[in-house]
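For the protein sequence lines, the chains are A and B, in the order given. Sequence positions in the first sequence follow the numbering used here and run 1379 to 1626. Sequence positions in the second sequence follow the numbering used here and run 97 to 498. As structure tokens, the structure follows; a few thoughts come after it.
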Amino acid sequence: MAKWGMVIDLDKCTGCQACTTACGMENDTLPGENWQDVLFYTEGEYPSGQMKWLPRPCMQCEDPSCVHVCPTRATYKDPDAGGIVFIDWDKCIGCKYCMIACPYGVRFFADEAPLVEPDLKEVFPGSGGQLWDPPGQSPDQDPRRGIGVQPKGVVSKCTFCYHRVSKAPEGVPDLDEDDPDLVDYVPACVRTCPPKARFFGDLDNPDSNVNKLIANKKGIRLKDHTGNRPQVYYLGAGAGIPAFQPKS
Amino acid sequence: MSADTIDRKNTGLMTGMLVVGGVIAVVTFAIVAFALLTRGHAAFNMDANVAWGLPIATYVYFALMSSGLTLIAALAMVFGFKQYYPLIKRAIWLAIVTLVAGLAVLAMELGHTFRMLWAIPLNLQIESAMFWMGVFYLLDLIFMAWKFHMMERGDWTSWLSRQLGIASFIAVLLAAGTLALVFGMMGMRPFWFDPTLPVWFYATAALSGVAALVFFTHLSYGMNRSRMPEALRMDVEGPLPKLFLSLAGITLVLFLSRMTTGLYANAPEVNVVWSEYLLASAWFHFAVWGGILLPFVLLLARGMRNAPGVQMLAAILVLVGIFIERLYFVVGGQVVPLFKGTWERGLVEYAPSPMEWVLTVMGIALVFALYALGERLFNLSDSPMAFAGDESVRGRQATVSS
């Protein structure tokens, strides 16, 4: 079985947020509940201050702290599904401990005050337990993997678009959007990235392009000191988040 | 228990408290339940940055108060300090009541409360501190209820009764300890990350527990010590305020240690939280200097310490101060956003929503109502000394005054 991983080349990323938009449309997330986001920040001060940005999906960690803390095993890592970390919405009790424990802040409890106005939960009221009924809703529903429109009272997160990836032919080393045979299985953020800064493939396959990129371009994982060991790698200069510094 | 041991002098006050507390608890529950049904958890102000807010802080406040009350009861139940016997029945009842109130608030905060009832036992995630916290608090509740039942039957010292006292003590140590570790084991949250956090939780639990015991004991007797049974009156004039003073002192020392370490740290997730969130708040200053230091000073002199009015004032200050501290502790671990760096311009802003405050009022009202119910149904001032005759009481009087 593959171990799916993502590589993001920061030297190519333009911070256009197309990935964020594609993710929201693909996964029917509410505005502001960005399973995938691009963080913009500054580093240093004048005259050497820098403007930086960092695309941030769920890291699908090899040893995810969110899985250890979940009291109901609703959050789990599935080695038979490429090592993706899922949330079983039928088991989640909404305690939000996983949100506390995720070092990357990539978990969401959408059953909250709207982050963006107007409140789409009021514009498109949900039915059948869904938080909202988005127009053009995706037909893919798998609550045991946290795929579909988020129900009330549970936590949600990026699934590496497992509803697409899971349909890929067995044994492919990479899911490349330039390959017409594979393009339908590529995660939405990877497929839509205009400068082609994202790559998706099998970290367990020595022939995969993602492994070559990590090796040849010195790929790194963020916050590796936490021991979570992400399956998302970054290439290029400036991968990292500067320490928090409140601005007066 | 014979009917003549029941203290019925204060039934008027307790009946009023039961009715008013019960009505407030029911009304506030209805308000929150209606808000949750119509608006969902959007009725609360928590978000992806501050996932745990006032409801969790209220739960922690009541759960630890309950733990503290059991720790105090353990002085007699486990460690043989018999002078505390007249306090333990009230302490155990209050521990049951406060734990029930805390769990009620927690239940309203969860996304799926009823799912918890099957999802936790059927999935047994033993790696989660939250799992163990639930197991130990459940055991704590069972042992306390059982022990109270035995005391109510007049069985204070049989083998089973003593074992239940020990079991309650062990369960509460584990429960409060794992509650601390729910926070303390989070390495990605440096403000909370601390293997010794259980020590802080035990100390503050005991302090809030003794404050609750002092407050409700005086409330039951209308601030009039002459109406108390002799053994209880002796406790309120001697061992109890001394214990109160000691716990305030211990908590103060531990707080100063935590504050110094926090301010000394370079990591912004610790230093900035102390300097620009906790110590930048007048409420937090009130909580510490008004809620811990001032009670400690008030209780220092023996004359002051034994005055019911001073004890009551110190108890109220501690109860309010520790509540504020719990809120700032829970939120403090989250105000520096994770993995956002300088994307966030400042500390995450969080203020509890009106509905969160209504939920907290529900918890408080529940404590008052259930305590009053206990006073109506049971003799909470009962103790084995009540059967031992005046001679033993006089003997204790001599011991205490010496």
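All C-beta atoms, glycine included, are put in the ideal place defined by N, C-alpha and C. Just so it is clear, the structure is predicted and the values come from calculations on it, not from any experiment.
Taking the CB atoms as reference points, tell me whether residue i and residue j lie closer together than 7 Å.
{"i": "GLY149(B)", "j": "MET142(B)", "result": "yes"}
{"i": "LYS1535(A)", "j": "VAL1501(A)", "result": "no"}
{"i": "THR154(B)", "j": "VAL201(B)", "result": "yes"}
{"i": "TYR1563(A)", "j": "ARG1576(A)", "result": "no"}
{"i": "GLY198(B)", "j": "ALA159(B)", "result": "yes"}
{"i": "LYS1601(A)", "j": "LEU1613(A)", "result": "no"}
{"i": "PHE287(B)", "j": "GLU205(B)", "result": "no"}
{"i": "ILE1465(A)", "j": "GLN1438(A)", "result": "no"}
{"i": "SER254(B)", "j": "THR166(B)", "result": "no"}
{"i": "ALA1380(A)", "j": "ASP1511(A)", "result": "no"}
{"i": "CYS1476(A)", "j": "VAL1532(A)", "result": "no"}
{"i": "PRO1433(A)", "j": "ILE1471(A)", "result": "no"}
{"i": "SER163(B)", "j": "ALA301(B)", "result": "yes"}
{"i": "ASP1552(A)", "j": "ASN1587(A)", "result": "yes"}
{"i": "ALA361(B)", "j": "ALA1491(A)", "result": "no"}
{"i": "ILE420(B)", "j": "TRP379(B)", "result": "yes"}
{"i": "MET113(B)", "j": "PHE464(B)", "result": "yes"}
{"i": "ALA172(B)", "j": "TYR180(B)", "result": "yes"}
{"i": "PRO1409(A)", "j": "VAL1494(A)", "result": "yes"}
{"i": "TYR157(B)", "j": "ARG422(B)", "result": "yes"}
{"i": "ALA1452(A)", "j": "CYS1567(A)", "result": "no"}
So if DSSP puts residue i in a beta bridge, which residue, or which two residues, is it bridged to?
{"i": "ILE412(B)", "result": "Partner(s): none; ILE412(B) has no beta bridge."}
{"i": "ILE1465(A)", "result": "THR1453(A)"}
{"i": "ASP1387(A)", "result": "LEU1613(A)"}
{"i": "LYS1430(A)", "result": "TYR1419(A)"}
{"i": "PRO1707(A)", "result": "Because chain A here runs from 1379 to 1626, residue 1707(A) falls outside it and cannot be looked at."}
{"i": "ILE1525(A)", "result": "ASP1520(A)"}
{"i": "SER377(B)", "result": "Paired residue(s): none; SER377(B) is not in a bridge."}
{"i": "TRP1382(A)", "result": "ASP1580(A)"}
{"i": "SER304(B)", "result": "None, per the DSSP bridge assignment."}
{"i": "SER477(B)", "result": "None; SER477(B) has no bridge partner."}
{"i": "PHE1486(A)", "result": "SER1534(A)"}
Terminal residues of the continuous alpha helix (DSSP H) containing residue i?
{"i": "ASP331(B)", "result": "326-333"}
{"i": "ASP1458(A)", "result": "Premise fails: ASP1458(A) is in no alpha helix (DSSP H) and is neither H nor E."}
{"i": "ARG1632(A)", "result": "Because chain A spans 1379 through 1626 in this model, residue 1632(A) falls outside it and cannot be assessed."}
{"i": "GLN259(B)", "result": "255-280"}
{"i": "TYR373(B)", "result": "TYR373(B) -> no alpha helix (DSSP H), and no H or E assigned at all."}
{"i": "ARG1542(A)", "result": "1540-1543"}
{"i": "LEU1600(A)", "result": "Unbroken run through LEU1600(A): none, as it is neither H nor E."}
{"i": "ASP1554(A)", "result": "Unbroken run through ASP1554(A): none, as it is neither H nor E."}
{"i": "PHE227(B)", "result": "225-248"}
{"i": "MET1477(A)", "result": "1475-1479"}
{"i": "ILE216(B)", "result": "209-219"}
{"i": "GLY399(B)", "result": "398-401"}
{"i": "ARG285(B)", "result": "From DSSP, ARG285(B) is part of no alpha helix (DSSP H); its letter is neither H nor E."}
{"i": "GLU365(B)", "result": "364-368"}
{"i": "GLY198(B)", "result": "181-205"}
{"i": "TYR157(B)", "result": "150-173"}
What is the residue span of the beta strand (DSSP E) that residue i lies within?
{"i": "VAL1610(A)", "result": "1610-1613"}
{"i": "PHE1628(A)", "result": "Residue 1628(A) falls outside the range modelled here, since chain A spans only 1379 to 1626, and no answer is possible."}
Would you report the Cα separation of residue i and residue j, rounded to the nearest angstrom?
{"i": "LYS1499(A)", "j": "ALA271(B)", "result": "39 Å"}
{"i": "ILE192(B)", "j": "LEU235(B)", "result": "12 Å"}
{"i": "LEU237(B)", "j": "PRO335(B)", "result": "26 Å"}
{"i": "PRO1517(A)", "j": "VAL1527(A)", "result": "10 Å"}
{"i": "THR357(B)", "j": "ILE266(B)", "result": "30 Å"}
{"i": "ASP290(B)", "j": "ASN1606(A)", "result": "19 Å"}
{"i": "GLY442(B)", "j": "SER322(B)", "result": "56 Å"}
{"i": "GLU1440(A)", "j": "ARG1523(A)", "result": "17 Å"}
{"i": "PRO1521(A)", "j": "PHE311(B)", "result": "49 Å"}
{"i": "MET226(B)", "j": "VAL146(B)", "result": "18 Å"}
{"i": "ILE262(B)", "j": "ILE168(B)", "result": "12 Å"}
{"i": "ARG258(B)", "j": "GLY250(B)", "result": "13 Å"}
{"i": "LEU309(B)", "j": "THR1398(A)", "result": "54 Å"}
{"i": "PHE382(B)", "j": "ALA1593(A)", "result": "56 Å"}
{"i": "ASP486(B)", "j": "LEU260(B)", "result": "Below a pLDDT of 50, predicted positions are generally treated as unreliable, and ASP486(B), at 46, falls in that range; no measurement from the model is reported."}
{"i": "ASP1406(A)", "j": "TYR1454(A)", "result": "22 Å"}
{"i": "TRP1382(A)", "j": "GLY1460(A)", "result": "5 Å"}
Report back the beta-carbon spacing between residue i and residue j to the nearest angstrom; my notes put them in contact at under 8 Å.
{"i": "PRO217(B)", "j": "ASP331(B)", "result": "That belief does not hold up - the Cβ atoms of PRO217(B) and ASP331(B) are roughly 41 Å apart, past 8 Å."}
{"i": "TYR1419(A)", "j": "ILE1619(A)", "result": "7 Å"}
{"i": "MET284(B)", "j": "PRO1481(A)", "result": "4 Å"}
{"i": "GLU1686(A)", "j": "PHE1486(A)", "result": "The structure shown does not extend to residue 1686(A), since chain A is modelled only from 1379 to 1626, so the question has no answer here."}
{"i": "ALA344(B)", "j": "PRO391(B)", "result": "5 Å"}
{"i": "MET1384(A)", "j": "PRO1435(A)", "result": "7 Å"}
How about residue i: is its Cβ closer than 6 Å to a heavy atom in the ligand HEM?
{"i": "GLU421(B)", "result": "In terms of ligand content, the structure shown is empty, and the ligand HEM therefore cannot be addressed."}
If you measure beta-carbon to beta-carbon, which residues of the stretch 429-451 of chain B are closer than 9 Å to chain E? As a matter of chain content, chain E is missing from the structure shown, whose protein chains are A and B.
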